[in-house]
Amino acid sequence: MEDMERTMKAVKGAMSKKGAAEKFKVSLATLVRKLIGMNPGPVGRTTVLKKNEEVKIANTLVVANWRSPRRRADNQDVKNILTGKTQGANFLDSFVVRNNLSIRIVSNRARSSVSRDDIMTFLNNAELLHQTVKSTITYHYNKTNITDNPGTKKVVVSRRTRRVERVQKHSGDSISLMMCGNAKRDLLLPMVVHKAQNQSESWTQGRPTGTK
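Residue 115 in the working numbering sits at position 124 of the sequence shown, and the numbers go up by one each step.
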């Protein structure tokens, strides 16, 4: 766009159209149409979204300040909904440039993953079970390996944003859990599994009596 403006300014001076087009490396045909008013719009292909629509989408990226940034796919989905068409990733790359944005790697922050509603739902279901089965023979056994690190993601934010964080249900820890108990509140001895070739003595210090 700046090259075209400089070319038109040179033509309005003393330079010929052909000479100006060659000097600033712009299309001669496009230059002529610009001069006679046939191409009043900006140089290049028309964008799929209007300027005001892109500005509104870019303004919503302020949610990154509350640790809830939007991913590349999220912005792509918004565009698909507005246009009713699914296009490639080139749109987002151009969108970032046009609206002075940048793509950063986000840092993850942890938050509690169990809510009050989750606990109440479990207790209500357990109450129905105890009506037909004795609590002394109702055992629940669970063994799980928890890898609590989803990795980093790229999100779209304003160029002025220095540090990008996202609050989510991850802390970056990796542990294994094995537990078993009955409905009478008798819990079997805990078992701790360490994912390592050699066990450190400090890992076993301070654990409950009988821990395996």
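Each residue gets a CB set at the ideal place from its N, CA and C atoms; glycine is no exception. Keep in mind it's a predicted model, so treat the numbers as computed, not measured.
Start-to-end residues for the alpha helix (DSSP H) that takes in residue i
i, result
"residue 215", "Lying outside -8 to 203, the shown extent of the chain, residue 215 is not represented and no answer is given."
"residue 69", "63 to 74"
"residue 53", "Note, residue 53: premise wrong, no alpha helix (DSSP H); not H, not E."
"residue 24", "19 to 26"
"residue 85", "81 to 89"
"residue 192", "No alpha helix (DSSP H) contains residue 192, which DSSP labels as neither H nor E."
"residue 10", "8 to 15"
Own chain, CB closer than 6 Å to residue i, minus 5 neighbours either side, in chain order
i, result
"residue 175", "126 and 127"
"residue 170", "133"
"residue 49", "90"
Outcome for residue i when other beta-carbon atoms lying within 10 angstroms are tallied against a minimum of 16
i, result
"residue 153", "exposed"
"residue 157", "buried"
"residue 25", "buried"
"residue 53", "exposed"
"residue 99", "buried"
"residue 95", "buried"
"residue 92", "buried"
"residue 55", "buried"
"residue 15", "buried"
"residue 105", "exposed"
"residue 148", "buried"
Own chain residues within Cβ distance below 7 Å of residue i, not counting five before or after
i, result
"residue 199", "181"
"residue 77", "71"
"residue 118", "none"
Cross-strand partners of residue i (DSSP beta bridge)
i, result
"residue 94", "147"
"residue 121", "DSSP, once it has assigned bridges, lists no residue as partnering residue 121."
"residue 134", "169"
"residue 182", "169"
"residue 116", "According to DSSP, which records beta bridges pairwise, residue 116 is partnered with nothing at all."
"residue 99", "157"
Close-in-space but distant-in-sequence residues of the same chain around residue i (CB under 8 Å, 5 per side omitted)
i, result
"residue 45", "38, 86, 89 and 90"
"residue 97", "60, 143, 144, 145, 146, 155, 156 and 157"
"residue 22", "-5, -2, -1, 2, 8, 11 and 12"
"residue 82", "39, 67 and 70"
"residue 178", "170, 171 and 172"
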